[in-house]
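Going by full-length UniProt numbering, the sequence shown opens with residue 1, and the numbers climb by one from there. Cβ atoms here follow ideal geometry from the backbone N, Cα and C, with glycine treated the same way. The structure displayed is predicted, hence computed values, not measured ones.
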Amino acid sequence: MRKYGLGADNVIDIRFMDKNGNIFTDKQSIGADVFWAVRGGIASNYGIVLAWQIKLVRVPATVTVFNVKRTLEQYATDLVHKYQTFAPDTDPNLFIRARITPENLNADGSQKTVAVYFQALYLGRASGVLKIMQTNFPELSLVKQDCLEMSWAKSALCNPRRSYVNYNDLDLGVGNGSFAEASTWGTRYFNNNFKRLVQLKNRMDAENFYLHEQSIPPFALT
């Protein structure tokens, strides 16, 4: 959830196995640098996570969700533009995303449009999110009938994922024959942290046992 950050932000401890089968029972035994890398630099680059210890957060007994559809004919382009300025700075209890998809207007598919689904989870009752939206994003025309109140656990069923959120975007590049080549995609994922992650890969897996198209490569860097 937007208010509490990513799962990686809430990792407290870890149980981890390296390529040689050595088991590290906690973050102290694995070391601060490797714990940092495994937590936020894709753990499968360095070994196998046997267990995570995650900090739990409090959520209210009732949350609110909505899933509002708008098409090009309903000014979806303008709504997306407004959404891009609204979403980053809105109330931290509100997570909202815009899912854009092509859709058919008739049965044979000869007429098409683009639909945008504005999907949201609000940590609180409908009255709270309605006030936020009607004040700061009135163009969406959200009404009470669009909002469903439920428990947080049930809200997960409203937007089931069909794939893991941290997928590899191979369009960014796949080469890892040199540090410079790997940096073309590595810095897009990890920015200035990429060099440090490569250094730790060289320490933990210099033979590159854990290898895939975008695995962090081991290069000895000066």
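Exercise for review: Please report the residue range of the beta strand (DSSP E) in which T113 lies.
Suggested key: 112-122
Point to revise | Reference T187, options G41, M204, F118, closest by Cα | key: G41
Exercise for review: Decide if S110 is buried, meaning its Cβ has at least 16 other Cβ atoms within 10 Å, or exposed.
Suggested key: exposed
Review point. Given a threshold of 16 other Cβ atoms within 10 Å of its Cβ, counted over all protein chains shown, does L142 qualify as buried or as exposed?
Key: buried
Check your understanding: At what residues does the beta strand (DSSP E) containing I54 begin and finish?
Key -> 48-54
Exercise for review: Can you give me the Cβ contacts of G175 inside the same chain, cut-off strictly under 6 Å, excluding the 5 residues immediately before and after it?
Suggested key: E181
Review point. Whose C-beta lies closer than 6 Å to the C-beta of Q84 among residues of the same chain, with five residues either side of it excluded?
Key: none
**Study point:** Residue range of the unbroken beta strand (DSSP E) whose run includes L170
**Key:** Taken as a continuous stretch (DSSP letters only), L170 belongs to no beta strand (DSSP E), as it is neither H nor E.
Review point. Which value, in whole angstroms, describes the spacing of the CA atoms of I96 and N168?
Key: 23 Å
Review point. Taking just the CA atoms, how far does Y122 sit from P217?
Key: 40 Å
**Study point:** Helix, strand or coil at L211 according to DSSP, with G and I counted as helix
**Key:** coil
Review point. Where do the ends of the alpha helix (DSSP H) carrying F190 lie?
Key: 179-190
**Study point:** Endpoints, beta strand (DSSP E) assigned at L72
**Key:** From DSSP, L72 is part of no beta strand (DSSP E); its letter is neither H nor E.
Exercise for review: Just tell me which of D91, Y75, D18 has its CA closest to the CA of L50.
Suggested key: D18
Review point. Is it the case that the Cβ atoms of Y117 and R99 are separated by a distance below 8 Å?
Key: yes
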